[in-house]
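*Asks:* Can you read through this structure? Questions will come right after.
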Amino acid sequence: MLCQVYGVNRVVPYVLCSYALHMLILGGATMTGRGDPAIVSSEFIYESAPFPSCHASTVVETASGELVAAWFGGTHESHPDVAIYVSRREHGRWTPPAMAADGTADGRRYACYNPVLFQPSHGPLMLFYKLGTGPRTWWGRLCTSPDDGRTWSAPEDLPHGILGPIKNKPIEVAGAILCPSSSEDLGWRVHFESTRDLGKAWTRTEPVNDGREIGAIQPSLLPLGNHRIRAIGRTQQGRMFAVDSPDDGVTWGPMRLIDVSNPNSGTDAVRLRDGRFLLVYNDSRTHRTPLDVAVSKDGETWRPVLKLETEPGEYSYPAVIQSSDGLVHVTYTWQRRRIRHVVIDPSRLH
126 MLCQVYGVNR VVPYVLCSYA LHMLILGGAT MTGRGDPAIV SSEFIYESAP
176 FPSCHASTVV ETASGELVAA WFGGTHESHP DVAIYVSRRE HGRWTPPAMA
226 ADGTADGRRY ACYNPVLFQP SHGPLMLFYK LGTGPRTWWG RLCTSPDDGR
276 TWSAPEDLPH GILGPIKNKP IEVAGAILCP SSSEDLGWRV HFESTRDLGK
326 AWTRTEPVND GREIGAIQPS LLPLGNHRIR AIGRTQQGRM FAVDSPDDGV
376 TWGPMRLIDV SNPNSGTDAV RLRDGRFLLV YNDSRTHRTP LDVAVSKDGE
426 TWRPVLKLET EPGEYSYPAV IQSSDGLVHV TYTWQRRRIR HVVIDPSRLH
């Protein structure tokens, strides 16, 4: 497994030292000179897999504190053999990719797309994904795991018109799981879906944009406090969008463009425990490189603080969470051939 651990020879917080040294002892890491003091480790989740191409990773911390990642893999995106694969981080290493779900439906195989892992505060680990012939025709599915991603239930189709979280993680708010979603059949339009019973019954908003002035998909949700939520994400206009809700996602205001570059590629963001917001995105209007990290005090104005990738190629579709130990975990597509996992100490992002 390729891995770089940074800052081990510096005076860093104990949790960072123990994490890095644990990886070194297990042989899962090698030192490099590339590092930034904010990067604790950087590794590929797998070196070999039963598929040549991968994309659209997701990462979660389970109720027991384990990390689980998922992505879709197969011959190439939209090929019928594309399935959802899962890996768990155990004893300092990622387990080999294991198929969690395929696109079998009505006696035929469809391609799977965009898994999203979510651990509710009460209930099993949830895995949402889409399947179909493409974004204009796909539908949503859900399966669950009682044992941190080791085994999965049989998938169930979501109700007609419900896609589930389209790329990025839900949040829990006002007793519901609020899912950031979007559709591409009548232009690129963002909407939001909500369930109060772990996916049995659903409600959804109307689209919050018309898909013409701003074509937008794949929102991330940022709680602002006092029932306010901001959604930000990908557009066709070369910049990211933002749209706000004053009432826990029930209603939404007008969508607008913000001053953050976007090359029509997925992004993800999270609110940190220190009150700041963290965004992972391609800082370009035309290419899926470089891949950057930015921080914000208000979720509106963003300041780049860290580059994860700068070489030519595709480094895209990040997913980001903050785990219970305070570290930030980012997974993303590396050249469509690997999924990379980077651990960041947010206290070192200035």
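So the sequence shown is numbered by the working numbering: it starts at 126 and just counts up by one.
In this text, a Cβ means the ideal position worked out from N, Cα and C, and glycines have one as well.
What you are looking at is a predicted structure, and each value in this text was computed from that prediction instead of being measured.
1. Whole angstroms is fine: what's the gap from Thr157's alpha carbon to Val468's?
2. Can you tell me whether Ser370 is helix, strand or coil according to DSSP?
3. Quick check on Ser488: does DSSP put it in helix, strand or coil?
4. Have a look at Cys179, Gly160, Pro162 and Pro175 and flag the residue whose alpha-carbon is nearest the alpha-carbon of Leu465.
5. Per DSSP, which residues does Gly257 bridge with? Please list them.
6. In angstroms, rounded to a whole number, what distance separates the CA positions of Glu186 and Ser448?
7. What number of angstroms, rounded off, separates the C-alpha of Leu346 from the C-alpha of Pro280?
8. If we ignore side chains and look at the alpha-carbon of each, how far apart do Lys325 and Leu250 end up?
9. Out of curiosity, what's the CA-to-CA distance linking Leu303 and Ala188?
10. So Thr414 packs on Gly378, CB below 8 Å; how close in whole Å?
11. Please report the straight-line C-alpha distance between Gly391 and Gly232, rounded to a whole angstrom.
12. Which term fits His454, buried or exposed, when burial requires 16 or more other beta carbons within 10 angstroms of its beta carbon?
13. Should His316 and Thr330 be called a contact, given that it needs their Cβ atoms to be closer than 9 Å?
14. DSSP puts Thr262 in a beta bridge; with which residues?
15. Below 6 Å CB to CB, which residues in the same chain sit around Ser308 once its five sequence neighbours on both sides are set aside?
16. Quick test of your reading: Leu252 and Ala230, contact by CB under 8 Å. State the CB separation rounded to the nearest angstrom.
17. Please classify Leu452: does DSSP put it in a helix, a strand, or coil?
18. Would you call the region 261-279 and the region 329-344 touching, i.e. three or more CB-CB distances under 8 Å?
19. In terms of alpha-carbon separation, which member of Ser203, Gly160, Ala181 and Glu338 lies closest to Tyr440?
20. Measure the Cβ-Cβ separation of Arg401 and Lys422 and say whether it is below 9 Å.
*Replies:* In this structure, then:
1. Residue mapping note: residue 157 aligns to position 32 of the sequence shown, counting from 1. Residue mapping note: residue 468 aligns to position 343 of the sequence shown, counting from 1. Summary for Thr157: the model assigns pLDDT 29, below 50, so the residue's position carries little reliability, and this model does not support an answer.
2. Reading the sequence shown from its first residue, position 245 is the one you call residue 370. Strand, per DSSP.
3. This structure cannot settle anything about residue 488, because the visible part of the chain is limited to 126 through 475.
4. Numbered from 1 along the sequence shown, position 340 holds the residue referred to as residue 465. Correcting the residue type first, residue 465 is Arg in the shown sequence and not Leu. Checking every option, the nearest Cα to that of Arg465 belongs to Cys179.
5. Mapped onto the sequence shown, residue 257 falls at position 132. Answer is Ala236, bridged to Gly257.
6. Translated into positions along the sequence shown, residue 186 becomes position 61. Translated into positions along the sequence shown, residue 448 becomes position 323. Distance between the alpha carbons of Glu186 and Ser448: 6 Å.
7. The residue labelled residue 346 in the question sits at position 221 within the sequence shown. The residue labelled residue 280 in the question sits at position 155 within the sequence shown. Roughly 25 Å separates the two Cα atoms.
8. Here residue 325 is taken as the residue at index 200 of the sequence shown, counted from 1. Here residue 250 is taken as the residue at index 125 of the sequence shown, counted from 1. Cα to Cα, the separation comes out at about 15 Å.
9. Residue 303 sits at position 178 when you count from the first residue of the sequence shown. Residue 188 sits at position 63 when you count from the first residue of the sequence shown. Those two C-alpha atoms are separated by around 19 Å.
10. Counting from one through the sequence shown, the residue named residue 414 turns up at place 289. Counting from one through the sequence shown, the residue named residue 378 turns up at place 253. So it is not a contact: roughly 33 Å between Cβ atoms.
11. On the sequence shown, position 266 is the one that residue 391 refers to. On the sequence shown, position 107 is the one that residue 232 refers to. Gly391 and Gly232: Cα-Cα distance of roughly 32 Å.
12. Walking along the sequence shown from the start, residue 454 turns up at place 329. Burial call: buried.
13. Along the sequence shown, read from residue 1 onward, the residue named residue 316 stands at position 191. Along the sequence shown, read from residue 1 onward, the residue named residue 330 stands at position 205. Contact: yes.
14. Counted from its first residue, the sequence shown places residue 262 at position 137. Beta-bridge pairing links Thr262 to no other residue.
15. As a working note, residue 308 is residue 183 in the sequence shown. Cβ within range, chain order: Arg314.
16. Indexing the sequence shown from 1 puts residue 252 at position 127. Indexing the sequence shown from 1 puts residue 230 at position 105. Going by Cβ atoms, the distance from Leu252 to Ala230 rounds to 16 Å, so no, they are not a contact pair.
17. Counting from one through the sequence shown, the residue named residue 452 turns up at place 327. Three-state DSSP puts Leu452 in coil, outside helix and strand.
18. no
19. Within the sequence shown, residue 440 is the residue found at index 315, counting from 1. With distances taken between Cα atoms, Tyr440 lies closest to Ala181.
20. Against the sequence shown, residue 401 aligns to sequence position 276. Against the sequence shown, residue 422 aligns to sequence position 297. Yes, the pair counts as a contact, with Cβ atoms nearer than the cut-off.
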